[in-house]
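Engineer: The structure under discussion is supplied below as structure tokens; questions concerning it will follow.
Numbering (this note's numbering), first residue to last: 1 to 154.
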């Protein structure tokens, strides 16, 4: 990992916790039309996705790009990460209003993954890119198989 030093990026942890906050709330307070609580048809893939998520967050927080200044400007990729976080919260707001439409499931699936990837691009943290990309693919497949595709399609 040439070009990187061991350190801690508190903003990466903040982003992860901000992305996980609605999940913690959902675990404690079920939504009115809670389709997400059903049994997953992709359990092995879900386990792999969880592993990739843990790896990507760990790699987002620990290795720091040597060329990175401590007070990096709030650039376009950071703004994209923040925008994705806002879209994700919007998706949860619609979900808790009782909507579980195709587009709501997409808002719960794509923005959190894109927020992680955008932040990785912002920080030029390439070691975290592969596990985050794998998590994104797994998360999309999970949503497609369990909620978006017609039953029996796969």
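For every residue, glycine included, the Cβ atom is placed at its ideal position computed from N, Cα and C.
No experiment lies behind these values; they were computed from the predicted model shown.
Hey, out of 139, 85 and 91, whose CA is closest to residue 17's CA?
Structural biologist: Taking only the C-alpha atoms, the option nearest residue 17 is 85.
Engineer: Assuming residue 92 contacts residue 110 under a Cβ cut-off of 8 Å, what Cβ separation, rounded to an integer in Å, is found between them?
Structural biologist: Incorrect: roughly 13 Å between the Cβ atoms, too far for contact.
Engineer: How would you write the range of the beta strand (DSSP E) that residue 6 sits in, first residue to last?
Structural biologist: It spans 4 to 6 - the beta strand (DSSP E) in which residue 6 sits, taken as one unbroken run.
Engineer: Please identify the residue among 141, 149 and 124 whose C-alpha is closest to the C-alpha of residue 66.
Structural biologist: Looking at the Cα atoms, 124 is the closest of the given residues.
Engineer: Is residue 131 helix, strand or coil when you go by DSSP?
Structural biologist: Of the three classes helix, strand and coil, the one that applies to residue 131 here is helix, per DSSP.
Engineer: Should residue 6 be labelled buried (16 or more other beta-carbon atoms within 10 Å of its own) or exposed?
Structural biologist: Label assigned to residue 6: exposed.
Engineer: So the alpha helix (DSSP H) residue 46 belongs to, where does it begin and stop?
Structural biologist: 43 to 61 is the span of the alpha helix (DSSP H), which, as asked, contains residue 46.
Engineer: Closer than 8 Å by C-beta to residue 30: which residues in its own chain qualify, once you throw out the five before and the five after it? Chain order, please.
Structural biologist: Contacts found: 37.
Engineer: Mapping DSSP to helix, strand and coil, what is residue 99?
Structural biologist: Here residue 99 sits in coil by DSSP.
Engineer: At a cut of 8 Å, does the segment 51 to 64 reach the segment 121 to 137 through at least three beta carbon pairs?
Structural biologist: Yes, the segment 51 to 64 is in contact with the segment 121 to 137.
Engineer: Please report how far the alpha carbon of residue 83 lies from the alpha carbon of residue 106, in whole angstroms.
Structural biologist: Roughly 15 Å separates the two Cα atoms.
Engineer: Cβ atoms of residue 41 and residue 145: under 9 Å apart, would you say?
Structural biologist: Closer than 9 Å, so yes.
Engineer: I think residue 35 touches residue 100, with their Cβ atoms under 8 Å apart; what is that distance to the nearest whole Å?
Structural biologist: 5 Å between Cβ atoms; contact.
Engineer: Return the chain-ordered list of same chain residues with a C-beta closer than 8 Å to the C-beta of residue 140, the five sequence neighbours on each side being excluded.
Structural biologist: These residues qualify, in order along the chain: 109, 110 and 113.
Engineer: Taking C-beta to C-beta, are residue 19 and residue 128 nearer than 9 Å?
Structural biologist: No, these two residues do not count as a Cβ contact at 9 Å.
Engineer: How about residue 89 and residue 22: do their beta carbons lie closer than 9 Å?
Structural biologist: Result yes, Cβ atoms of residue 89 and residue 22 sit closer than 9 Å.
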